[in-house]
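All remarks here apply to the structure that follows.
Protein chains in written order, with my numbering: chain A, 5 to 536; chain B, 372 to 736; chain C, 22 to 210.
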């Protein structure tokens, strides 16, 4: 291998990149593809965010003011699909593309052409999905969970929804295969598995979750398609099928999916906290094992999303206990993060601030998650705003905050320039305050009895909805600061050093900032002594 | 400069937010789960409070340690980083303690869950059927059966057809035309099922919700201890008007209940065409018959509504497959259908002038 | 880098994802087996009448079985002759349902059973049932349909009342169907 690489070195020199649009369309370079993923997910974040603004605007006061209930349902449905499949997942894949090769000392991803394809499927799939807004019968409005028989009432957009989900699944599976192939085959000599940075570890586990769970979703939506057009009766009671079976199959995918969204965030935070505490990560091995056991357990808890369908007692008890048990490895991770900070020498740059906010706010989401594991109480919580608050705490202040932290952490490496720290801090404080104004009152709404997915509500819910909406608008507008910071940073700024952060350790920080177009064409040698 | 400006804005926002807080402080805030009015709902509430205290205590402890560390172990205070990165004892401790807490939590939860499933030996049974977008109640032992849908005034307000300000309508979206009347201190078994898509029947004061699934029947029970009116809503997304199919349970004493049963069995069915149209049709076709362009066709001037009556009866009876137009044949009587169809043919400028009789409807069935 | 190693691994991962796609489909029969074992979806079991007749009868208690009927988008009238019956566990029970086609067309329907509480459905078996079979009804035809069933002696003590519910659906794609009789399902509005 090294012979071939050193031969290549002569004509494939640093920063020898193709120019024009072709550089992006036909790119096989992990850094360019990573960049495209990240920009794409930022765009989708704003499209999905705009839908959230419509939702919060309609819910600002009781009475129907701005949109038709059907369109409102489309907003909640497509908001979820866009944010999950368009914003958070591609952002995670983008970070993996950018960082994994330079963290493990590889010259590129193992399957660069497939990498290009898996990205370019995404805009295509979202064109399919978003085009349904202009069709007879409108965009999907039956919830992102696509429960039959309701989903079958969708008009012309139905096959578009199904095929969009298929393409999104194929794209993610290709990305996952690429990541596993890269990490398994292309680690630099001496980079053993137990030396991998935790971000790489969480991504391997995420990739396996993707490969194991997304095809099941593809199967489920294919059954929906054949039920509607080809006379099968998988989920049609009249034909001897069972609509509840869809929910079982969907959540068999759906619960691992939740960890697909959050595990890379765990990895990011596990990189950032030690850097700014200037102290090694506490309990590296138990972090790896905890992540793996969370992923494993995620395949046995799916029915806690559907306690109210009427399961036998034994089933309810099994899923209650299994769900509660996930709190243990998750707790281990939280405790390890706190122990990493303990007796460190901390500074509080923007990535660190977002990571700390992640630990606190994700924990709140975890606590409410534990509350809902208690089946008899979940009969009250289920399908209320309490649930909405819960999963936005884990996904917005969890996954999305970790993604913000990652951008601030690595953008000096990507661009070679430091970002504007005071703007970054402004973004952090505005986001953190407003996101709590946005989502914390939703706990109260849910407990007081407000169901989710309703466009209008009784006047007893008016005050907290109004407060929540104000938080939502401020949170939405604050995200423009992020765009501003990124643009400003790309255009220039204080030059970043190779190491960028004082406490940063790892291969990626040995490269120049920005790294050359082709990096680690000669694999670095990892000594036995070097830490992860 | 900009940052300063923004800071001003934040201060402004904070001030107005706190103003909002104080002005609405007089309104009654519901911050917590209801205790409800049944033995089960009280157990559920207690479980909720226990687990809430447990997680709050854990949260306070963990975050206290963390923030103490953030305050003291900072570089600006000259803290020097320790280099430990492992402690088997600590890691075992924070694995085992949560396990113990969870086991302790699981015990009362299991007990309550078992009680909730005891649907046996009921005093009476009510079957609840979810429709898009109303509920139907069948009193299995009494041969009483009726639909219950959103109250007319609420319906008008949400469509902007009423003069009443929404804030002045006390139970906006939580009131219905026909209450589910039940006796107190009786074990009532509630079966749920659905006619079209999945719905969920939920009255918070009873302590649970349960999905209503077409083709399947779910059972639950309740035992209401205090007379009163308890309100709830559909909790499973069921299409356009999911937010507009509330539930009102009216618990009364036994004699009052028996009187109600007597009244229900003897009172004739009232036929009011306009009200029937408002209940069953105006959700989509609108009170003014104009429909919603792109989604639901207008009835005013529509070829079906002003054409031959046979086609009109057919579409109302049998629905239009593949669209939101349901078959109303199974839901309504001939008299009601005849009234609705006649109304549609002679309202909003439609002036066919004919009268569709219950016999016409029966003939088309 | 070892290119064949990469391709090899990628090939295996593709196989894994295809297998999981198949597994999604395999969940359908698995789910049905699981339901039969646990009563997950409230569907009932079937036993032969020989087995049922040899069952020991539990003389110490009586179980009430109530009958519930539903029709969806089909112009039939569907009623149980008796609203409920009492049987001893192990004893053969019988119920008669009456179906009438109220339309002037031939209509094919199919009945789907469901037992509540779901946990008890595993202990509820039928030896004879009209359910799941396609039933062709001539215009105006009236037909009695029998169900013979047995409640298992192992039914836990806490269940003393069961509900057997049937829903008649029209078989899809046989032209327009609708309507049920006003007397049975009159709404009081």
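For every residue, glycine included, the Cβ atom is placed at its ideal position computed from N, Cα and C.
Span separating the alpha-carbon of residue i from that of residue j
i: residue 274 of chain A; j: residue 341 of chain A; result: 7 Å
i: residue 386 of chain A; j: residue 531 of chain A; result: 52 Å
i: residue 726 of chain B; j: residue 54 of chain A; result: 50 Å
i: residue 513 of chain B; j: residue 632 of chain B; result: 8 Å
i: residue 32 of chain A; j: residue 397 of chain A; result: 36 Å
i: residue 38 of chain A; j: residue 567 of chain B; result: 46 Å
i: residue 392 of chain A; j: residue 156 of chain A; result: 25 Å
i: residue 28 of chain C; j: residue 190 of chain A; result: 13 Å
i: residue 225 of chain A; j: residue 306 of chain A; result: 17 Å
i: residue 190 of chain C; j: residue 134 of chain C; result: 11 Å
i: residue 662 of chain B; j: residue 524 of chain B; result: 20 Å
i: residue 157 of chain C; j: residue 128 of chain C; result: 6 Å
i: residue 630 of chain B; j: residue 53 of chain C; result: 47 Å
i: residue 429 of chain A; j: residue 167 of chain A; result: 41 Å
i: residue 236 of chain A; j: residue 218 of chain A; result: 22 Å
i: residue 130 of chain A; j: residue 465 of chain B; result: 44 Å
i: residue 364 of chain A; j: residue 498 of chain B; result: 46 Å
Residue i, buried or exposed, once every other Cβ within 10 Å from all chains shown has been counted against 16
i: residue 334 of chain A; result: buried
i: residue 396 of chain B; result: Caution applies to residue 396 of chain B, whose pLDDT of 40 falls short of 50 and renders its modelled position unreliable; the value that the coordinates give is listed next. Classification of residue 396 of chain B: exposed, given that the 10 Å Cβ count is below 16.
i: residue 426 of chain A; result: exposed
i: residue 573 of chain B; result: buried
i: residue 490 of chain B; result: buried
i: residue 423 of chain A; result: buried
i: residue 175 of chain C; result: exposed
i: residue 193 of chain A; result: exposed
i: residue 424 of chain B; result: exposed
i: residue 510 of chain B; result: buried
i: residue 34 of chain C; result: buried
i: residue 536 of chain B; result: exposed
Residue nearest to residue i in terms of C-alpha spacing, selected from the options
i: residue 280 of chain A; options: B:422, B:427, B:478, B:447; result: B:447
i: residue 419 of chain B; options: B:404, B:690, B:552; result: B:404
i: residue 83 of chain A; options: A:126, A:143, A:110, A:39; result: A:143
i: residue 267 of chain A; options: A:466, A:208, A:123; result: A:208
i: residue 377 of chain A; options: A:256, A:23, A:35, A:322; result: A:322
i: residue 282 of chain A; options: A:196, A:150, A:245, A:356; result: A:356
i: residue 651 of chain B; options: B:561, B:690, B:579, B:560; result: B:690
i: residue 168 of chain C; options: C:160, C:161, C:185; result: C:185
i: residue 63 of chain A; options: B:636, B:712, B:614, B:621; result: B:614
i: residue 173 of chain A; options: A:222, A:383, A:389; result: A:222
i: residue 28 of chain A; options: A:120, A:139, A:361; result: A:120
i: residue 476 of chain A; options: A:388, A:495, A:437, A:491; result: A:437
i: residue 96 of chain A; options: A:210, A:452, A:488, A:345; result: A:210
i: residue 262 of chain A; options: A:132, A:507, A:93; result: A:93
Contacting residues, own chain, Cβ-Cβ under 7 Å from residue i (five flanking each side not counted)
i: residue 214 of chain A; result: 176, 177, 180, 264
i: residue 705 of chain B; result: 729, 732, 733
i: residue 290 of chain A; result: 336, 340
i: residue 379 of chain A; result: 311, 320, 324
i: residue 153 of chain C; result: 131
i: residue 125 of chain A; result: 171, 174, 175
Same chain, Cβ closer than 6 Å to residue i, neighbours up to 5 away in sequence not counted
i: residue 480 of chain A; result: 53, 57
i: residue 434 of chain A; result: 482
CB contact below 8 Å: residue i versus chain F
i: residue 139 of chain C; result: Protein chains in the displayed structure are A, B and C, and chain F is not among them.
Contacts around residue i, its chain only, beta-carbon distance under 8 Å, and the 5 residues preceding and following it disregarded
i: residue 471 of chain A; result: 441, 445
Enumerated in chain order, which unbroken segments of the alpha helix (DSSP H) with a length of 4 residues or greater are wholly contained in the region 437 to 522 of chain A?
466 to 495
Mind listing, in chain order, the continuous alpha helix (DSSP H) runs of no fewer than 4 residues lying wholly within the region 113 to 156 of chain A?
116 to 135
Of all the beta strand (DSSP E) runs that stay within the bounds of the region 591 to 651 of chain B, which reach a length of 3 or more residues?
599 to 605, 618 to 623
Taking the runs of the alpha helix (DSSP H) that are 4 residues or longer, which of them lie wholly in the region 31 to 85 of chain A?
34 to 62, 73 to 85
Enumerated in chain order, which unbroken segments of the beta strand (DSSP E) with a length of 3 residues or greater are wholly contained in the region 134 to 205 of chain C?
145 to 149, 155 to 158, 163 to 172, 182 to 191
Which full runs of the alpha helix (DSSP H) of 4+ residues lie inside the region 485 to 567 of chain B, going along the chain?
523 to 529
For the region 260 to 325 of chain A, list the alpha helix (DSSP H) runs that are entirely contained and at least 4 residues long, ordered along the chain.
288 to 301
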